[in-house]
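Enquirer:
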Amino acid sequence: KQEVTQIPAALSVPEGENLVLNCSFTDSAIYNLQWFRQDPGKGLTSLLLIQSSQREQTSGRLNASLDKSSGRSTLYIAASQPGDSATYLCAGNTGNQFYFGTGTSLTVIP
Amino acid sequence: NAGVMQNPRHLVRRRGQEARLRCSPMKGHSHVYWYRQLPEEGLKFMVYLQKENIIDESGMPKERFSAEFPKEGPSILRIQQVVRGDSAAYFCASSPTSSADTQYFGPGTRLTVL
Numbered sequence: 675k676q677e678v679t680q681i682p683a684a685l686s687v688p689e690g691e692n693l694v695l696n697c698s699f700t701d702s703a704i705y706n707l708q709w710f711r712q713d714p715g716k717g718l719t720s721l722l723l724i725q726s727s728q729r730e731q732t733s734g735r736l737n738a739s740l741d742k743s744s745g746r747s748t749l750y751i752a753a754s755q756p757g758d759s760a761t762y763l764c765a766g767n768t769g770n771q772f773y774f775g776t777g778t779s780l781t782v783i784p
Numbered sequence: 204n205a206g207v208m209q210n211p212r213h214l215v216r217r218r219g220q221e222a223r224l225r226c227s228p229m230k231g232h233s234h235v236y237w238y239r240q241l242p243e244e245g246l247k248f249m250v251y252l253q254k255e256n257i258i259d260e261s262g263m264p265k266e267r268f269s270a271e272f273p274k275e276g277p278s279i280l281r282i283q284q285v286v287r288g289d290s291a292a293y294f295c296a297s298s299p300t301s302s303a304d305t306q307y308f309g310p311g312t313r314l315t316v317l
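This is the structure in structure tokens:
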């Protein structure tokens, strides 16, 4: 059974810092990997998708990478802003479903 | 191109009542997935449907829960005789083809059972 771990569970940083969120899967046979943002009481906003043939994706200040051999993904956020404060979820699919981590709760302090 | 739509966004039911959650996939998408997010927990897969077929219901509780995706109309997740433990956010996702595609998520329905 696929288990997804996200480290750290919570992170508080001052505005402007660069930061890295980590995600690991017990089963490295991941087809697609997505990073999402979830604001309190809200739905999921897709940030980056790494498809099966890819290893990395970038969007603005965000960069996500996937090492399939180890089953690990990282989300890099450059020059963090208070508006980045949210819970960040990684999810990978191995078949019919996406397996989600429990998230990293990020607080960026002005 | 509208995204995945779910309604209602918030639903309150008393114990023993029925809850019906609706999901309209993105245009052109024929694959629908339901996930549940319990308080303080991650999202968990419940069921995967294509038009008129249940493909994978391995994450669905065996009793009181059912799902359908008819030829016409939205997908419905039905919870009979709700209990307080059913209180959660229920998210629907859709994809254009197989489950290997990326999934696009709706805003969720927040069910509260009193």
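Sequence lines, in order, name chains C and R.
The opening residue of the first sequence carries number 675 in our numbering; numbering runs sequentially from there.
The opening residue of the second sequence carries number 204 in our numbering; numbering runs sequentially from there.
The beta-carbon is built from N, C-alpha and C at its ideal position, and this holds for glycine as well.
In angstroms with no decimal places, state the Cα-to-Cα distance between residue 247 of chain R and residue 675 of chain C.
Expert: Roughly 13 angstroms between the two C-alpha positions.
Enquirer: For residue 755 of chain C, would you say it is in contact with chain R, using Cβ-to-Cβ distances shorter than 8 angstroms as the test?
Expert: Not one chain R Cβ lies under 8 angstroms of residue 755 of chain C.
Enquirer: What are the boundary residues of the beta strand (DSSP E) that includes residue 215 of chain R?
Expert: Element bounds for residue 215 of chain R: 213-216.
Enquirer: Taking residue 223 of chain R as the reference, give the member of R/254, R/297 and R/209 with the closest Cα.
Expert: That would be R/209, whose Cα lies nearest to the Cα of residue 223 of chain R.
Enquirer: Who are the near neighbours of residue 298 of chain R in its chain, counting only those whose CB is closer than 8 angstroms to its CB and skipping five residues on each side?
Expert: These residues qualify, in order along the chain: 232, 234, 236, 304, 305, 306 and 307.
Enquirer: Strictly under 8 angstroms for the Cβ-Cβ distance: is residue 244 of chain R near chain C by that measure?
Expert: Answer yes: the Cβ-Cβ gap between residue 244 of chain R and chain C drops below 8 angstroms somewhere.
Enquirer: Starting from residue 688 of chain C, follow the beta strand (DSSP E) in both directions and report where the run begins and ends.
Expert: That run of the beta strand (DSSP E) goes 684-688.
Enquirer: My parser needs the beta strand (DSSP E) runs of 3 or more residues fully inside the segment 708-735 of chain C; what are they?
Expert: Segments of the beta strand (DSSP E) lying fully in the segment 708-735 of chain C: 718-724 and 730-733.
Enquirer: Determine, for residue 731 of chain C, whether the minimum Cβ-Cβ distance to residues of chain R falls below 8 angstroms.
Expert: Output row for residue 731 of chain C: interface = no.
Enquirer: Please confirm whether residue 718 of chain C has its beta-carbon closer than 8 angstroms to some beta-carbon of chain R.
Expert: Answer yes: the Cβ-Cβ gap between residue 718 of chain C and chain R drops below 8 angstroms somewhere.
Enquirer: Counting along the chain, where does the beta strand (DSSP E) carrying residue 271 of chain R start and finish?
Expert: Its beta strand (DSSP E) spans residues 268-271.
Enquirer: Find out if the Cβ-Cβ distance for the pair residue 695 of chain C, residue 754 of chain C is shorter than 8 angstroms.
Expert: No, Cβ-Cβ distance for residue 695 of chain C and residue 754 of chain C is not below 8 angstroms.
Enquirer: By Cβ distance below 6 angstroms, which residues in the same chain neighbour residue 313 of chain R in space, the five residues on each side in sequence not counted?
Expert: So the qualifying residues of the chain are 213 and 292.
Enquirer: Who are the neighbours of residue 259 of chain R on chain C, taking C-beta pairs under 9 angstroms?
Expert: Chain C residues near residue 259 of chain R: 769, 770 and 771.
Enquirer: Three or more C-beta pairs closer than 8 angstroms, one from the segment 694-711 of chain C and one from the segment 731-750 of chain C: is that the case here?
Expert: Short answer: they touch.
Enquirer: Residues in the same chain with beta-carbon distance under 7 angstroms from residue 262 of chain R, minus the five sequence neighbours each way, listed in chain order, please.
Expert: 247, 248, 249 and 250, listed in sequence order.
Enquirer: Does DSSP put residue 757 of chain C in a helix, a strand or coil?
Expert: Looking at residue 757 of chain C - three-state DSSP - the assignment turns out to be helix.
Enquirer: For residue 207 of chain R and residue 275 of chain R, what's the separation of their Cα atoms in angstroms?
Expert: Rounded to whole angstroms, residue 207 of chain R to residue 275 of chain R spans 16 angstroms at the Cα level.
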